[in-house]
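In our numbering, the protein residues as written are 384 to 754.
For every residue, glycine included, the Cβ atom is placed at its ideal position computed from N, Cα and C.
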């Protein structure tokens, strides 16, 4: 399998790039990337793209994340985690109660500004902050908006606090740990960190490549990992797209949720005129450009003008796994599944739901504009 997605469980110690290097060695594939780094001391879920899937990782970078974090109370770290210089504070355990901790945790729920730590992979003027920090330099960092959707207490024993949190992409849990320590009035740093979820992706479904790479041969390790790779599922959308409105965006979003790669056919002027009795307002190039601007779309094709058989041949040549139809789409839909089967493709055909069709329908919008 040359392309697909893989969930791996990165152990504490190696960098995220080390994990990629290990996979390249085992699979013999150079084109491998991930959808969000983990600090070396952290462990847990990495979403890996292999082959053509690397081009699709942009859809997953911004997903929310869930972590289980262990905080050490009564001390601070210049890196906000256990890898830095530790300085103990005056910590009185009897003043840090479970009730106080729960109230402090609740106070972090919601949108807020967070300043990226110096010891992070974030870039300033093209240079990663941790490289500047290692040189003893500190630069001004702009606070960014993050959101903490939930934060729950798992356990509290003496000076060890364990929490679970679901946060927006770009949230630094090390900084959150330090901020919790400040609000508790005792100081804190991050002792351990495990990422358990990326969006709907679950650590339970991951593979441990560290074990695969040290036990047995590379061939057996490769076979084990390939077994866990999710192949790309291509979804095909099509239409005129004579101007993009919220109804189209909703259509694309529904279609994207059906697979990993969304491709789109934009109908030729001559075909649109044949179907609708009039040419589109916008040219083919303009309509293609508008569709390409939609972040859900991975690739756009201009349709062909020909016989029905030639149109079906063209659709089959794109090798879709699923064809997503608009709620009122009619052209070339009758017997579509059978036509694809006759061309060697076993596909699903999904009729998607509408989005406020009384308002967002191209023909109605045109009438409203007096077209």
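Going by other Cβ atoms of all chains shown within 10 Å of its Cβ, with 16 needed for buried, is residue i buried or exposed?
i: residue 631; result: buried
i: residue 510; result: exposed
i: residue 557; result: buried
i: residue 508; result: exposed
i: residue 686; result: buried
i: residue 422; result: buried
i: residue 392; result: buried
i: residue 445; result: exposed
i: residue 715; result: buried
i: residue 681; result: buried
i: residue 709; result: buried
i: residue 703; result: buried
i: residue 518; result: exposed
i: residue 629; result: exposed
i: residue 750; result: With a pLDDT of 38 at residue 750, under the threshold of 50, the predicted position of this residue should be treated as unreliable, though the coordinate-derived value follows. When all chains shown are included, residue 750 counts as exposed.
i: residue 478; result: exposed
i: residue 754; result: Residue placement at residue 754 is poorly supported in this model, since its pLDDT is 43, which falls under 50; the coordinates still yield a value, given next. Exposed, because fewer than 16 other Cβ atoms sit within 10 Å of the Cβ of residue 754.
Looking at the secondary structure, which residues open and close the alpha helix (DSSP H) in which residue i lies?
i: residue 562; result: 556–567
i: residue 627; result: Taken as a continuous stretch (DSSP letters only), residue 627 belongs to no alpha helix (DSSP H), as it is neither H nor E.
i: residue 513; result: 512–517
i: residue 400; result: 399–410
i: residue 695; result: 691–700
i: residue 725; result: 719–725
Would you call the CB atoms of residue i and residue j closer than 9 Å?
i: residue 443; j: residue 419; result: yes
i: residue 455; j: residue 437; result: no
i: residue 566; j: residue 490; result: yes
i: residue 781; j: residue 488; result: Since the first and last residues shown for the chain are 384 and 754, residue 781 lies out of range.
What are the boundary residues of the beta strand (DSSP E) that includes residue i?
i: residue 482; result: Premise fails: residue 482 lies in the alpha helix (DSSP H), 481–489, not in any beta strand (DSSP E).
i: residue 388; result: 387–393
i: residue 540; result: 527–540
i: residue 575; result: 571–581
i: residue 548; result: 543–550
i: residue 705; result: 705–708
i: residue 812; result: Nothing can be reported for residue 812: it is not among the residues displayed for the chain, which extend from 384 to 754.
task: Count the CB pairs spanning the region 444–464 and the region 572–583 that are closer than 8 Å, and state whether there are at least three.
output: Yes: the two stretches touch, three or more of their Cβ pairs being nearer than 8 Å.
- request: Could you tell me whether the region 714–726 touches the region 664–679, using the rule of 3 or more Cβ pairs below 8 Å?
  value: Touching, no.
- prompt: Okay, do the region 498–508 and the region 609–617 touch, 3+ Cβ pairs below 8 Å being the bar?
  reply: Taking 8 Å as the limit for Cβ pairs, the verdict is that the region 609–617 does not touch the region 498–508.
- request: Pick out the complete alpha helix (DSSP H) segments inside the region 622–671, 4 residues or longer, and give them in chain order.
  value: As far as the region 622–671 is concerned, its whole alpha helix (DSSP H) runs of at least 4 residues are 629–639 and 652–659.
- prompt: With contact counted as at least three CB pairs below 8 Å, one residue from each stretch, are the region 467–485 and the region 584–592 in contact?
  reply: At 8 Å Cβ cutoff, the stretches do not touch.
task: Could you say if the region 425–441 and the region 538–553 meet the contact criterion of at least three C-beta pairs nearer than 8 Å?
output: No: fewer than three Cβ pairs fall under 8 Å.
query: Which parts of the region 416–503 are runs of the beta strand (DSSP E), unbroken and 3 residues or longer, counting only runs that do not cross its ends?
result: Complete beta strand (DSSP E) runs here, min 3: 426–433, 448–456, 458–460, 469–471 and 493–497.
Inter-stretch contact (C-beta, 8 Å, three-pair minimum) for the region 397–411 and the region 640–656: The answer is no - the region 640–656 does not touch the region 397–411, with fewer than three Cβ pairs under 8 Å.
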